[in-house]
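Read through the structure below, which is laid out as structure tokens, and then see the notes.
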Amino acid sequence: MKSNNQTTPWYEVYNKIAIELHRFYKKHKELSGQELFKLLSESRTYRNNNEWLSNVSRINTPSLDPIQLFVSFSRSKQKDEARLKIINTIWRFLKPQKEPEWKDINFEGCPAPMAIKLQYVRPESIQVDIWDVFNDVMIKGKEALSQEVWDRIKKWRGIEIPSFTIFLFWIKSSEFLPLDNNTRQYLIYRELMPTRGNLSFNNYQFLLNNKEIKSYTLLSTEAYYFVNFPDQYPSKLNEHSSFYAKEIKRNARFRLVGIRTLSKSKNIHKILSSYQYYPIDHTVKPKDLTTSTSSSIQEFVQEPTEAEALYRMENLWVNISAIVGKNGSGKSSLLDLVLMGIYNFSLQQEYIDTSENKPLKHLNFEMYWLADTLYKMVFEDDIAIYRFNQQTSEQDERIIYKLDNKPVPLEGIESSFFYTILINFSHYALNSTDYATDWITPLSHKNDGYLTPLVINPQRTRGNININTEKALLNMRLLLNLLELHDPNIPEQSFRVLDDGKRIDYFSLTLNKDKINSVKKALKEKTFSNNNILQIIIKTARKTFELDENLTHNNRYREECEHYIAYKVLTIVDRYSRYTQKYLDFFNSLYGLNAVLDGKERPTNEIVHSTIETLLQDIKNDRSHITLKLKQTVFYLKYPKLGSMLIESLSNRSVPIPLDDYNKIITDIFNIATDEIQSLAELLPPPIFKLDFHLNDKDKSSFDKASSGEYQIVSVLSSILYHIRNIDSIQEEESKYNYVTVLLDEIELYFHPNMQRLFIKKLLDVLSKLDNQLYGIHILLATHSPFILSDLQQQKILKLKKGTVVFFENGYNSFAANIHDLLADEFFLSEGYIGAFAKEKIEVAINVLNYLRAKRKGIKQEMDTYRKNLENYRYWDGKPEGWDIEQEKANIHQLIEIIGEPVIKEKLYAMYRAAFPNDITANRNKAKEDILRIMTEHNLKPEDF
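Taking UniProt numbering, I'd label the letters of the sequence shown as residues 1 to 945.
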């Protein structure tokens with residue numbers, strides 16, 4: 001070990017700890033996890049810095065595995081001082097001899113993943129397996145890995161391939177490469193890793209044997225700077241390169257770059273101009289700005305910009321941009337182009353049923369986005385995708401993208417394309433009846449396992465939003481966020497907190513009778529009213545999930561739950577391609593085999609049971625969102641403690657369930673359960689129940705009584721999180737989307753100005769808490785809110801006026817800008833900020849006062865001018881022949897009194913005095929105001945005179 005005065009690289013420290021931990025394992029063998037827990041639980045320092053340890057202490061046989069140990073001092077957002085304390089505590093236990101402790105550790109380049117899942121309590125069998133693999137790796141190094149080990153890892157609760165490779169890198173950084181997000185993106189850009197299927201064992205083995213890579217620790221550091229701080233990346237590469245062939249490439253960073261219309265298509269483009277490039281992100285733009293010609297754009301330039309990493313998170317790259325302009329300027333027309341283009345793309349890829357849906361004609365536009373490089377998708381009669389080649393040099397900080405005119409195969413483009421989430425609550429938008437070809441319904445009414453790369457939220461039927469359905473969906477999605485996105489140590493950042501001190505602290509249940517009835521009806525249709533099919537599925541589910549039949553018989557709503565399980569099994573086979581391809585033909589043939597189902601043909605009957613057992617086992621092993629509701633229903637039946645709590649609440653709605661109590665119960669079940677439960681989400685109430693939420697006031701008021709703005713912001717954030725979680729949960733690497741675009745159209749609907757001001761921060765706060773494997777998210781807002789714009793950089797704002805782009809001329813930056821300046825610049829309020837009605841009243845008063853002043857002075861020309869102005873305001877309409885000057889004077893004086901803007905008020909008073917110089921009241925009031933102002937300025941009181 002180095003002397004106490006020197007800084008030690010993290011990988012030296014981690015390797016020494018791994019060596020001592022291996023000695024510990026050789027001594028204690030299968031009891032290593034229990035012995036390690038006993039040691040560390042005695043340390044106050046370790047306990048205070050690892051609150052998750054209390055979850056382990058509540059199980060029958062508390063035990064720790066090596067991954068939990070290393071994560072305890074390597075997790076995201078952990079301060080270096082805390083890491084150092086934990087490391088030295090562990091070192092004292094593992095190396096009791098008088099070895100010096102570390103005083104300073106350099107953690108640069110050390111991956112620090114989100115820790116929630118990695119610190120899950122794992123069943124004893126899984127922990128034993130982890131210790132076993134750890135032992136093999138410490139002895140054999142790379143030779144310890146195999147496809148069989150890779151398959152075993154996928155069954156470890158809370159651990160995925162990327163996190164396992166990070167662990168390997170921690171313990172033996174000289175032999176193993178981490179496949180964290182940063183490193184994967186870096187290797188893709190280096191063209192050493194495919195964009196698809198890059199987490200396979202064969203690909204990892206290829207990387208470990210790649211002779212171009214000379215240092216994994218240097219590569220990890222380079223990857224971190226490459227993704228997060230590209231301006232510092234070249235200097236890091238110049239110091240020490242992890243590659244034998246040094247080549248500086250810069251991170252493209254995901255974003256939707258721009259849209260370009262082609263030849264005019266009036267019904268599609270509407271107000272948008274032909275051959276117009278619309279830059280959604282001005283940091284990447286065509287080299288030739290004169291792009292309003294039919295020739296294609298051959299070259300783009302990406303300029304280095306200030307604060308490019310403004311929204312960067314520790315585990316996720318986020319880009320935010322906006323489209324602004326008056327109503328009718330083309331904002332929604334641009335977003336509709338994106339949606340229609342993805343609809344046509346989905347048809348061409350057969351994600352959407354081509355027998356029932358037809359492509360849109362004459363879209364005529366191009367869409368540009370940055371992923372691993374710049375891409376262009378062209379929508380004309382056919383769809384084509386083109387790639388731009390990146391060119392950089394050490395002398396020039398710009399990135400040049402040159403078009404490769406050879407189309408890219410559409411097959412497998414998912415990993416370089418992006419999934420789009422559209423949220424638009426306007427009742428006048430996205431009405432399928434407004435279009436000759438209905439492209440909205442297939443994108444809004446779909447449930448395809450996130451294969452079609454677009455979801456429209458909320459769901460619309462012929463333009464109508466069923467608000468009751470949306471509320472029910474929100475409540476099911478909301479509970480997980482209220483549990484997961486709550487840290488009692490930082491209550492102000494909790495998802496439970498609303499405005500004005502209000503908080504969601506409770507929930508209650510009612511029976512979802514509509515759902516139960518719809519399930520019964522669907523089961524009759526799916527089984528052709530053949531009860532034998534239903535019973536086979538239910539009995540097989542009991543066997544597969546090891547449901548105690550005595551417990552399930554005693555469980556209230558057992559029948560409803562079992563019917564839902566059967567319904568969900570059949571729905572999964574109908575709806576999701578991976579199951580449809582394997583099982584749909586079997587079920588189609590099964591419905592006609594009455595003899596089989598009556599038990600008359602024994603050999604065939606065995607095949608039926610065997611196939612359904614295989615199906616249920618596949619569903620059990622499926623960790624994606626596809627099986628979530630089924631598993632919620634299964635575990636409600638399986639764990640009496642959970643069922644009892646829910647039934648008690650159902651029986652007595654006046655006593656709602658505290659969220660903290662529910663969280664404790666499901667956490668305890670999760671900790672003691674076998675590895676079949678992969679996440680807390682699987683222990684949420686099943687869909688046969690409807691949820692309601694309650695506030696923290698004395699009456700525990702229903703959240704239904706919250707304001708529309710409070711409901712809206714919770715709904716928007718919950719929808720975004722729900723879809724991002726589901727997109728990330730897809731297990732098939734071949735069809736997995738690495739990037740997400742969130743389109744928010746007039747998201748400020750229902751929002752109070754202060755809620756608009758907080759929206760971007762709230763959205764970033766909740767995204768920062770997500771544990772995901774996405775490479776990047778682009779949030780694009782079409783907005784009228786200056787408060788939202790003040791959180792954006794000027795280069796991220798597209799200004800539209802009558803369908804054309806308005807380019808920046810004044811160099812004004814919108815970030816943290818004054819709201820009034822933003823209104824004038826981005827929203828084109830050239831006519832001022834005062835309401836039109838009030839403005840007209842003031843202008844009439846000004847003309848009347850000027851008319852009277854000119855009349856008093858006998859200036860006929862001015863009198864005619866002001867009289868004509870008043871005629872334009874129809875001021876004289878209905879006026880009697882004898883104009884009542886005194887009444888008009890009183891009206892104008894009353895108007896001046898109620899004006900709030902002090903400059904306008906003072907000016908009008910001056911004009912009033914000029915028009916009515918002999919008005920004693922006005923002069924007296926003005927003198928009084930002047931005296932009071934002087935007294936205030938000099939802190940004088942009446943008694944001082």
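Ideal Cβ positions, reconstructed from N, Cα and C, are used throughout, including at glycine.
Item, Value
"What separation, rounded to the nearest whole angstrom, lies between the Cα atoms of Trp317 and Leu187?", "17 Å"
"With DSSP run on the structure shown, which of helix, strand or coil describes Gln185?", "helix"
"Could you give the DSSP three-state label for His694: helix, strand or coil?", "strand"
"Please go through the same chain and pick out, in chain order, the residues whose beta-carbon is closer than 6 Å to the beta-carbon of Gln348, but skip the five residues on each side of it.", "Ile383"
"How would you write the range of the alpha helix (DSSP H) that Glu299 sits in, first residue to last?", "Per DSSP, Glu299 belongs to no alpha helix (DSSP H); it is in the beta strand (DSSP E), 299 to 302."
"If Lys690 and Thr510 are in contact, beta carbons under 8 Å, what's the gap, nearest whole angstrom?", "5 Å"
"For Asp661, which of helix, strand or coil comes out of DSSP?", "helix"
"What does DSSP give as the partner residues of Glu366 in its beta bridges?", "Arg260, Val378"
"Tell me, which residues are paired with Gly776 by DSSP?", "Trp317, Tyr739"
"Rounded to whole angstroms, what's the CA-CA distance from Thr580 to Ala18? Just pull it up for me.", "46 Å"
"Going by Cα to Cα distance, which pick from Lys358, Val573, Lys629, Leu403 is closest to Ala436?", "Lys358"
"Do you know how far the Cα of Lys155 is from the Cα of Lys26?", "25 Å"
"Leaving out five residues before and five after Gln795 in sequence, what residues of the same chain have Cβ atoms less than 8 Å from its Cβ?", "Asp281, His282, Thr283, Thr305"
"Quick one: give me the first and last residue of the alpha helix (DSSP H) that Ser719 is part of.", "708 to 729"
"Would you list the residues sitting across from Thr510 in a DSSP beta bridge?", "Lys690"
"Can you look up Thr527 in the DSSP assignment and give me helix, strand or coil?", "helix"
"Do the segment 27 to 37 and the segment 189 to 205 touch if we need at least three Cβ pairs shorter than 8 Å?", "no"
"Going by beta-carbon coordinates alone, are Lys103 and Gly141 separated by less than 8 Å?", "no"
"With 16 other CB atoms within 10 Å as the buried threshold, where does Gly858 fall?", "exposed"
"How far does the alpha helix (DSSP H) with Asn344 in it extend, from its first residue to its last?", "331 to 348"
"Identify whether Leu479 lies in helix, strand or coil by the three-state DSSP scheme.", "helix"
"Quick one: Cα of Ile440 to Cα of Asn364, how far?", "19 Å"
"Would you kindly check if the distance between the Cβ of Val301 and the Cβ of Leu374 is under 8 Å?", "no"
"Between Glu470 and the rest of its own chain, which residues show a CB-CB distance below 6 Å, the 5 nearest in sequence each way excluded?", "Pro458"
"DSSP state of Lys600, grouped into three classes?", "At Lys600, the pLDDT of 49 sits below 50, so the modelled position is not reliable and the matter cannot be decided from this model."
"Tell me whether Glu840 is buried or exposed, calling it buried when 16 or more other Cβ atoms sit within 10 Å of its Cβ.", "exposed"
"Going by other Cβ atoms of all chains shown within 10 Å of its Cβ, with 16 needed for buried, is His486 buried or exposed?", "buried"
"Roughly how many angstroms separate the alpha carbons of Met377 and Glu560, rounded to a whole number?", "48 Å"
"Using the C-alpha atoms, what's the distance from Ala910 back to Lys928?", "15 Å"
"Helix, strand or coil for Ala371 per DSSP?", "coil"
"In whole angstroms, what separates the C-alpha of Leu207 from that of Met313?", "27 Å"
"Classify Val903: buried if its beta carbon has 16 or more other beta carbons within 10 angstroms, exposed otherwise.", "exposed"
"What do you reckon, are the CB atoms on Glu350 and Leu262 nearer than 8 Å?", "no"
"Please tell me whether Tyr737 and Tyr419 are closer than 8 Å, where the distance is taken between their beta carbons.", "yes"
"For a minimum of 4 consecutive residues, which ranges assigned as the alpha helix (DSSP H) are wholly contained in the segment 74 to 129?", "80 to 94"
"Helix, strand or coil for Tyr309? Go by DSSP, reduced to three states.", "The displayed chain sequence assigns Ala, not Tyr, to residue 309. Reduced to three states, the DSSP call for Ala309 is coil."
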